[in-house]
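A short write-up of the structure that comes next.
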Ligand code: SF4
Ligand code: SF4
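In this note's numbering, the protein residues as written are 47 to 242.
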């Protein structure tokens, strides 16, 4: 009997505590918001999506090397000597075409480690969080603004320039070898004459 009374007391006590909490919250302002009609203000420095201002990227790869999960994929091509790519807004000279700059946000862990080493401050988080996708592939964001034709063009141009440089180098070496040979022949002839 004593046990049943104790259990009954405990039951009523817990109901009373639960109802008291409900009553307390009943008269407080609601904390839920009517998303997406209403949106919460994001705190400063929020990390939700990476953005790259590609015009300021010098293709140094510092961000990609700093990424612990390798979700930044960059490919660069050296600009040929007849091309001036100009400078970034921070005054850094641009010497490389950034032919590929992909960030796989499905792998990103929002650590911000890629942001700090950037010498031109062109990679940073933006307060954008509504980019969910059904297909993970759609979470790879491409920032290079070069068309495939342009990429092929700059690669071909660099290849030709390198071939020409190598040809010039070979010619210079051949010329040097020939001069050395001629010099040795002259020395032998002089020595022969002196011996007569
Ligand atoms: S935030 Fe971190 S995980 Fe994401 S790309 Fe940058 S370094 Fe990589
Ligand atoms: S660190 Fe900055 S400049 Fe260098 S490749 Fe990354 S985004 Fe471009």
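Note that CB positions come from ideal geometry on N, CA and C, so glycine has one too. Treat the numbers as computed from the prediction; the structure is a model and nothing was measured.
Limits of the beta strand (DSSP E) - the one that residue i falls within
{"i": "residue 96", "result": "95-98"}
{"i": "residue 142", "result": "142-150"}
{"i": "residue 175", "result": "It is not in any beta strand (DSSP E) - residue 175 carries neither H nor E in the DSSP assignment."}
{"i": "residue 166", "result": "Element bounds for residue 166: n/a, residue is neither H nor E."}
{"i": "residue 119", "result": "118-124"}
{"i": "residue 187", "result": "186-188"}
Contact under 8 Å by Cβ, residue i with residue j
{"i": "residue 149", "j": "residue 180", "result": "no"}
{"i": "residue 160", "j": "residue 113", "result": "yes"}
{"i": "residue 92", "j": "residue 155", "result": "no"}
Neighbour-count burial assignment, residue i, 16 or more Cβ in a 10 Å radius
{"i": "residue 189", "result": "buried"}
{"i": "residue 68", "result": "exposed"}
{"i": "residue 200", "result": "buried"}
Delimiting residues of the alpha helix (DSSP H) encompassing residue i
{"i": "residue 58", "result": "48-72"}
{"i": "residue 109", "result": "108-112"}
Reduced DSSP secondary structure (H/G/I, E/B, other) of residue i
{"i": "residue 78", "result": "coil"}
{"i": "residue 194", "result": "helix"}
{"i": "residue 318", "result": "Outside the displayed range of the chain (47 to 242) lies residue 318, so it cannot be described from this structure."}
Worksheet entry | Cβ contact check for the segment 129-146 and the segment 99-115: 3 or more pairs under 8 Å | yes
Discussion item. Any contact between the segment 70-79 and the segment 117-125? By contact I mean 3 or more CB pairs, one from each, below 8 Å.
Written reply: no
Item to complete: May I ask you to verify whether the segment 206-213 touches the segment 132-140, counting CB pairs closer than 8 Å and requiring at least 3?
Response: Verdict: no, contact absent.
Discussion item. Taking 8 Å as the cut-off, does the segment 90-104 touch the segment 149-168 (at least 3 CB pairs, one atom from each stretch)?
Written reply: yes
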